[in-house]
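K.L.:
Dropping the structure in here first, questions after.
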Amino acid sequence: MFPILIFFHSFWRWLVLGSLVYSIFIAYRGKTGKLNYTASVNQWRHWTATIAHVQLLLGMSLYFQSPVVMFQMLDAPGKLLNEQTFFRYIHLSMMMLAVVLITIGSAKAKRQKTDAEKFDVMLTWFIVAFIVIFIAIPWPFSPLASRPFIRSI
Ligand code: HEM
């Protein structure tokens, strides 16, 4: 089960990032171009939040199966920041925060009165969430913990 979960969790990050970047782009374009908040924009807002929620569920299932999280690491027990600290606390809390930001941003955008306000709220909350996610992903170049860009099962 663990290899399947980690494969999907790794792959799903690209959907999370892609939908978020596209939503940020259309919100920016809508705001600066004073465009209408169309049904298609609304669908993107909705699907971006849904994709993030799926990743949250995958992450939570993975959390209780990951050897890095479950077993005490012996190689660097005294280090303040090792891979275990990263996945146990930092990745978990930052990603949960990001999903909360996306959820609030999406819900608030929906409830605004004017199209300009909808674009504005969507843009702000999604940009902040994107920054948090980008920092908390274990990129191959990350100083916190590194994992590959793509996993194979
Ligand atoms: C937007 C949300 C998230 C994104 C984009 C994301 C992304 C990633 C990526 C790219 C990896 C590396 C996968 C690999 O090894 O190839 C990873 C690993 C992991 N993530 Fe997430 N994650 C998110 C949320 C979460 C949440 C909320 C949790 C926990 C509740 C979580 C728990 C884990 C765990 C336990 C690992 C694997 C550690 C290991 O055994 O190597 N993730 N995540």
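The working numbering runs 2 ahead of the 1-based position in the sequence shown.
Glycine included, each C-beta is placed from N, C-alpha and C at the ideal position.
Given the structure is predicted, the values throughout are model-derived calculations rather than measurements.
1) With a threshold of 7 Å on Cβ separation, who are the neighbours of residue 90 within its own chain once the five nearest residues in sequence on each side are excluded?
2) Can you find a heavy atom of the ligand HEM that lies under 8 Å from the Cβ of residue 210?
3) Where residue 56 and residue 128 are concerned, what is the direct C-alpha to C-alpha distance, given to the nearest angstrom?
4) Any heavy atom of the ligand HEM inside 8 Å of the beta-carbon of residue 172?
5) Residue 147 and residue 100 - do their beta-carbons sit closer together than 9 Å?
6) For a test of your reading of the model: does the CB of residue 15 fall under 8 Å from any non-hydrogen atom of the ligand HEM? Yes or no.
7) Counting pairs of beta carbons, one from the segment 56 to 67 and one from the segment 112 to 122, are three or more of them closer than 8 Å?
8) Go ahead and pull the three-state DSSP assignment for residue 75.
9) Enumerate, from N- to C-terminal direction, the unbroken beta strand (DSSP E) stretches of 3 or more residues contained entirely within the segment 19 to 98.
10) Expressed to the nearest angstrom, what Euclidean distance is found between the alpha-carbon atoms of residue 43 and residue 130?
P.N.:
According to the structure shown:
1) 71
2) Outside the shown range of the chain, which is 3 to 155, sits residue 210, and nothing can be said about it.
3) 17 Å
4) Nothing can be reported for residue 172, as the shown portion of the chain is limited to 3 through 155.
5) no
6) Yes; taking the cut-off as 8 Å, the Cβ of residue 15 has a heavy atom of the ligand HEM nearer than that.
7) no
8) It is coil, neither helix nor strand.
9) none
10) 19 Å
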